[in-house]
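Asks: What the sequence shown shows, in this note's numbering, is residues 364 to 525, in sequence order. I am attaching a structure below and will ask some questions about it afterwards.
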Amino acid sequence: MNRMVKRLSVTAACVASALATVLGVSPSASAATQSIPLLLSTPDEKCGWSTSSSTVRLSFQCDGNLVLYRISDNHAMWATGTYQGNGWTPDLLSFSHEGYIKLFSHPWYGHQLECIWGDSSAAEGRVAVQDDGNLVIYTPSGTPIWDSGTYNNLQGTVHECR
Numbered sequence: 364m365n366r367m368v369k370r371l372s373v374t375a376a377c378v379a380s381a382l383a384t385v386l387g388v389s390p391s392a393s394a395a396t397q398s399i400p401l402l403l404s405t406p407d408e409k410c411g412w413s414t415s416s417s418t419v420r421l422s423f424q425c426d427g428n429l430v431l432y433r434i435s436d437n438h439a440m441w442a443t444g445t446y447q448g449n450g451w452t453p454d455l456l457s458f459s460h461e462g463y464i465k466l467f468s469h470p471w472y473g474h475q476l477e478c479i480w481g482d483s484s485a486a487e488g489r490v491a492v493q494d495d496g497n498l499v500i501y502t503p504s505g506t507p508i509w510d511s512g513t514y515n516n517l518q519g520t521v522h523e524c525r
């Protein structure tokens, strides 16, 4: 079991590194048109992951919460509310070719789906952390199908999964 966890952790780290060119760039950037699946975990030894635009940072935290912070004052603009101690312990974040962002808890013991955002129309689409402060899921043709509602400093939902 530990070998599988370590292998998946290394895979997640490699995917996270490759995705630095996909997430955290504006929709007009050429790297943002790449389509690869995302699978990130928060193993105890190296938990936490984040990517940023010039104005906001998306963080998958060690406590299982996925949070979009405004960089200028570290204010939480949008969050899943899935932090540990809240009855949630998500430890796997995925953006699949099917067009969904998904949070799972205890993936090594059965992949219990906790939250889902997106639409099948975004299959082969992309996720963008944008300079306007918004987290957006786009279809392959560039049509937005979901967003965090945090563009231009608007406050989004802080407990999206509840």
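Backbone N, C-alpha and C define an ideal beta-carbon position, used for all residues, glycine too. Every value quoted in this text rests on a predicted model; they were computed, and no experiment measured them.
Can you give the beta carbon distance from T502 to A491, rounded, assuming they're within the 8 Å contact cut?
Replies: Mapped onto the sequence shown, residue 502 falls at position 139. Mapped onto the sequence shown, residue 491 falls at position 128. Going by Cβ atoms, the distance from T502 to A491 rounds to 12 Å, so no, they are not a contact pair.
Asks: What are the boundary residues of the beta strand (DSSP E) that V430 is part of?
Replies: By 1-based counting over the sequence shown, the position of residue 430 is 67. Segment L429 to R433, the beta strand (DSSP E) holding V430.
Asks: Give the C-beta separation of V499 and A442 to the nearest angstrom, bearing in mind that I take them to be a contact with Cβ-Cβ under 8 Å.
Replies: Numbered from 1 along the sequence shown, position 136 holds the residue referred to as residue 499. Numbered from 1 along the sequence shown, position 79 holds the residue referred to as residue 442. Not really, about 16 Å apart at Cβ, beyond 8 Å.
Asks: Measure the CB-CB distance between L429 and L466 and report whether it falls below 8 Å.
Replies: Within the sequence shown, numbered from 1, the residue matching residue 429 stands at position 66. Within the sequence shown, numbered from 1, the residue matching residue 466 stands at position 103. Cβ distance < 8 Å, so L429 and L466 count as in contact.
Asks: What number of angstroms, rounded off, separates the C-alpha of W480 from the C-alpha of G427?
Replies: Taking the sequence shown and counting its residues from 1, the one referred to as residue 480 is at position 117. Taking the sequence shown and counting its residues from 1, the one referred to as residue 427 is at position 64. Cα to Cα, the separation comes out at about 16 Å.
Asks: How big is the Cα-Cα spacing for T445 and C524?
Replies: Along the sequence shown, read from residue 1 onward, the residue named residue 445 stands at position 82. Along the sequence shown, read from residue 1 onward, the residue named residue 524 stands at position 161. Going from the Cα of T445 to the Cα of C524 covers about 7 Å.
Asks: Quick check: the Cα distance between L456 and I464, rounded to an integer number of angstroms?
Replies: By one-based count along the sequence shown, residue 456 stands at place 93. By one-based count along the sequence shown, residue 464 stands at place 101. Taking the straight line from one Cα to the other gives about 7 Å.
Asks: If you follow the beta strand (DSSP E) that T506 is part of, which residue opens it and which one closes it?
Replies: Working through the sequence shown from its first residue, we reach residue 506 at position 143. Run containing T506: none; DSSP gives neither H nor E here.
Asks: For M518, collect the residues of the same chain with a Cβ closer than 7 Å to its Cβ; drop the 5 residues on either side in sequence, then sort them by chain order.
Replies: Counted from its first residue, the sequence shown places residue 518 at position 155. According to the sequence shown, residue 518 is Gln rather than Met. The residues are M440.
Asks: Let's see if you can read the secondary structure: which residues bound the beta strand (DSSP E) around L466?
Replies: Taking the sequence shown and counting its residues from 1, the one referred to as residue 466 is at position 103. It spans Y463 to S468 - the beta strand (DSSP E) in which L466 sits, taken as one unbroken run.
Asks: When the distance is taken between beta carbons, is T418 closer than 8 Å to G505?
Replies: For the purposes of this step, residue 505 is taken as the residue at position 142 of the sequence shown. For the purposes of this step, residue 418 is taken as the residue at position 55 of the sequence shown. Cβ atoms of G505 and T418: not closer than 8 Å.
Asks: Taking the DSSP output, what are the residues bridged to A491?
Replies: Locating residue 491 in the sequence shown gives position 128, where the first residue counts as 1. Bridge partners of A491: V499.
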